[in-house]
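Asker: Note that our numbering has the sequence shown beginning at 12, numbered continuously upward.
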Amino acid sequence: MSIWTEISPTPFRVEYVDAAGVPTRTLRAGDPNGQAVVFLHGTSGHLEAFARNITAHAAYDLHAIDMLGHGYTGKPDKPYEIADYVAHLLDYLDAVGVDSVHIVGESLGGWVGARAAIDHSERVRSLQLLCSGGTVANPEVMDRIRTSTKQAVTSDDIELTRKRMRLLMADDASATEELVEVRHAIYHTPEFVAGVDNLLSLQQMERRQRNLLRPEHLAQITQPTLVVWGRQNPFGETPEATALHEAIPDSRLELFENCGHWPQHEQAERYNALSLEFIGKVAG
12 MSIWTEISPT
22 PFRVEYVDAA
32 GVPTRTLRAG
42 DPNGQAVVFL
52 HGTSGHLEAF
62 ARNITAHAAY
72 DLHAIDMLGH
82 GYTGKPDKPY
92 EIADYVAHLL
102 DYLDAVGVDS
112 VHIVGESLGG
122 WVGARAAIDH
132 SERVRSLQLL
142 CSGGTVANPE
152 VMDRIRTSTK
162 QAVTSDDIEL
172 TRKRMRLLMA
182 DDASATEELV
192 EVRHAIYHTP
202 EFVAGVDNLL
212 SLQQMERRQR
222 NLLRPEHLAQ
232 ITQPTLVVWG
242 RQNPFGETPE
252 ATALHEAIPD
262 SRLELFENCG
272 HWPQHEQAER
282 YNALSLEFIG
292 KVAG
């Protein structure tokens, strides 16, 4: 099964949208008259992370984007902080005419989604935080992300990209060769190589500390929020998920067994059912 055969039961298009001057790669699918859902990937990721979720959510107006500096989206030459990612997200939504959206954010995407929900509550209908980042600053984890990514980007050896992808998964087989090849190709575009330090800037302690989502910030989230966490998540233990859930009023926590950092991919059938139930209740 290929990424594209996963998506192909649903009509879709991949295009570039001018988001306030940043060419932004987006996969659009589903019902353009439905409520909007946007999928946001993690650090050094790209929209293909959600290939197994597009068709299941086809009742909605779907947008899976490459975030600022990631994938094939434009890469302004500056270190990216959370406010930059949020601004880019809002610029994208403005460009495609979406007033408010259900945000599904994995890892960095959850960090960005949560900050958008806090600072621009009128633009966010609901929030799904999938192994979300941004609540802790663990030097070992930060070094693992920075080192593994830089090694994969600066070497032509695809095995290093394969190792970077397998780091995300509880089962190595979930890091399919197609995903490895897609990421390897992205990692080795000249623009990505030139800008990799910018998208890894949140792995620097001082910058990360000033961007963290602290309990008093999370307490300001008023949107319905679903927290999904893999028990084998290599970038954050289950207590981190529990603390996130407890800090966000009336949020819901779901823990996935035998799952790492990509629950939407590793356990797509379970995740899709959970997500549809959650969004359905919010959408009415």
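For glycine and all other residues, C-beta sits at the position ideal for the given N, C-alpha and C.
(1) Say whether the stretch 39-50 touches the stretch 65-74, bearing in mind that this needs 3 or more beta-carbon pairs closer than 8 Å, one atom from each stretch.
(2) Tell me, to the nearest whole angstrom, how far the beta carbon of Ile169 is from that of Val193; I am working on the premise that it is less than 8 Å.
(3) How big is the Cα-Cα spacing for Gly120 and His113?
(4) Thr165 lies in the alpha helix (DSSP H); which residues open and close that run?
(5) CB-CB under 6 Å to Arg134, same chain, minus the five flanking residues each way: which ones, in chain order?
(6) Per DSSP, Thr172 is paired with what?
(7) Tell me which residues share the same chain as Gly80 and place their Cβ nearer than 6 Å to its Cβ, disregarding the 5 neighbours each side in the sequence.
(8) For Trp240 versus Leu266, is the C-beta spacing smaller than 7 Å?
(9) Which value, in whole angstroms, describes the spacing of the CA atoms of Gln214 and Ser143?
(10) Answer with buried or exposed for Met78, where buried requires no fewer than 16 other C-beta atoms within 10 angstroms of its C-beta.
(11) Apart from the five residues on each side of it in sequence, which residues of its chain come closer than 6 Å, Cβ to Cβ, to Val262?
(12) Would DSSP call Ala47 helix, strand or coil?
(13) Tell me, to the nearest whole angstrom, how far the beta carbon of Ala184 is from that of Arg173; I am working on the premise that it is less than 8 Å.
(14) Measure from the alpha carbon of Gly271 to the alpha carbon of each residue in Met176, His228 and Gln231, then state which is nearest.
(15) Residue range of the alpha helix (DSSP H) that Asp130 falls in?
(16) Per DSSP, what kind of secondary structure is Asp29 in: helix, strand or coil?
(17) Given this structure, state the Cα-to-Cα distance separating Tyr96 from Val123, to the nearest angstrom.
(18) Rounded to whole angstroms, how far is the Cβ of Ala40 from the Cβ of Ile14, which I believe are closer than 8 Å?
(19) Thinking Val152 and Phe246 are a contact (beta carbons under 8 Å), I'd like their distance in whole angstroms, please.
(20) Determine the DSSP secondary structure at Gly291, reduced to helix, strand or coil.
(21) Buried or exposed for Asn269, please, with buried defined as at least 16 other CB atoms from any protein chain shown within 10 angstroms of its CB.
(22) Once you ignore the five residues that flank Ala230 on each side, which residues in its own chain have a CB closer than 7 Å to its CB?
(23) Our contact map puts Glu277 next to Asp182 with C-beta atoms below 8 Å; I'd like the distance itself, whole angstroms only.
(24) Go through the stretch 32-96 residue by residue and report every complete run of the beta strand (DSSP E) that reaches 3 residues or more, in order.
(25) Val49 and Thr37: beta carbons closer than 7 Å?
Answerer: Based on what the coordinates show:
(1) yes
(2) Locating residue 169 in the sequence shown gives position 158, where the first residue counts as 1. Locating residue 193 in the sequence shown gives position 182, where the first residue counts as 1. Contact doesn't hold; Cβ gap of about 11 Å is too wide.
(3) Counted from its first residue, the sequence shown places residue 120 at position 109. Counted from its first residue, the sequence shown places residue 113 at position 102. Roughly 13 Å between the two C-alpha positions.
(4) As a working mapping, residue 165 is identified with position 154 in the sequence shown. Its alpha helix (DSSP H) spans residues Pro150 to Thr165.
(5) Position 123 of the sequence shown, counting from 1, holds the residue named residue 134. Ser111.
(6) For the purposes of this step, residue 172 is identified with residue 161 of the sequence shown, where counting begins at 1. Answer is none; Thr172 lacks a bridge partner.
(7) Position 69 of the sequence shown, counted from the first residue, corresponds to residue 80. Counting only Cβ-Cβ distances below 6 Å, and skipping sequence neighbours, we find Lys86, Tyr91, Gly206, Asn209 and Leu210.
(8) To locate residue 240, count along the sequence shown from 1; it is residue 229. To locate residue 266, count along the sequence shown from 1; it is residue 255. Against a cut-off of 7 Å, the Cβ pair of Leu266 and Trp240 comes out as a contact.
(9) Residue mapping note: residue 214 aligns to position 203 of the sequence shown, counting from 1. Residue mapping note: residue 143 aligns to position 132 of the sequence shown, counting from 1. Between Gln214 and Ser143, the C-alpha separation is close to 15 Å.
(10) What you label residue 78 is simply residue 67 of the sequence shown in a count that begins at 1. It is buried - the Cβ of Met78 has at least 16 other Cβ atoms within 10 Å.
(11) Along the sequence shown, one-based indexing puts residue 262 at 251. According to the sequence as given, residue 262 is Ser; it is not Val. Thr236, Val238 and His256.
(12) Reading the sequence shown from its first residue, position 36 is the one you call residue 47. Here Ala47 sits in strand by DSSP.
(13) For this step, residue 184 is matched to residue 173 along the sequence shown. For this step, residue 173 is matched to residue 162 along the sequence shown. With a Cβ gap of about 12 Å, Ala184 and Arg173 do not count as contacting.
(14) For the purposes of this step, residue 271 is identified with residue 260 of the sequence shown, where counting begins at 1. Nearest C-alpha to Gly271: Met176.
(15) As a position in the sequence shown, residue 130 is number 119, starting the count at 1. Counting along the chain, the alpha helix (DSSP H) containing Asp130 begins and ends at Leu119 to Asp130.
(16) Counting from 1 along the sequence shown, the entry for residue 29 is found at position 18. Strand at Asp29.
(17) Here the question's residue 96 lines up with position 85 in the sequence shown. Here the question's residue 123 lines up with position 112 in the sequence shown. The straight-line gap from Cα to Cα measures roughly 6 Å.
(18) As a working note, residue 40 is residue 29 in the sequence shown. As a working note, residue 14 is residue 3 in the sequence shown. With 8 Å as the limit, Ala40 and Ile14 do not qualify as a contact, their Cβ atoms being about 13 Å apart.
(19) By one-based count along the sequence shown, residue 152 stands at place 141. By one-based count along the sequence shown, residue 246 stands at place 235. With 8 Å as the limit, Val152 and Phe246 qualify as a contact, their Cβ atoms being about 5 Å apart.
(20) For the purposes of this step, residue 291 is taken as the residue at position 280 of the sequence shown. Reduced to three states, the DSSP call for Gly291 is helix.
(21) Working through the sequence shown from its first residue, we reach residue 269 at position 258. It counts as exposed.
(22) Taking the first residue of the sequence shown as 1, we reach residue 230 at position 219. So the qualifying residues of the chain are Ala258 and Pro260.
(23) In the sequence shown, counting from the first residue as 1, residue 277 sits at position 266. In the sequence shown, counting from the first residue as 1, residue 182 sits at position 171. Between Asp182 and Glu277 the Cβ distance is about 7 Å, and since that is below 8 Å, they are a contact.
(24) 33-41, 47-51 and 72-76
(25) Counted from its first residue, the sequence shown places residue 49 at position 38. Counted from its first residue, the sequence shown places residue 37 at position 26. No, the Cβ-Cβ distance between Val49 and Thr37 is not below 7 Å.
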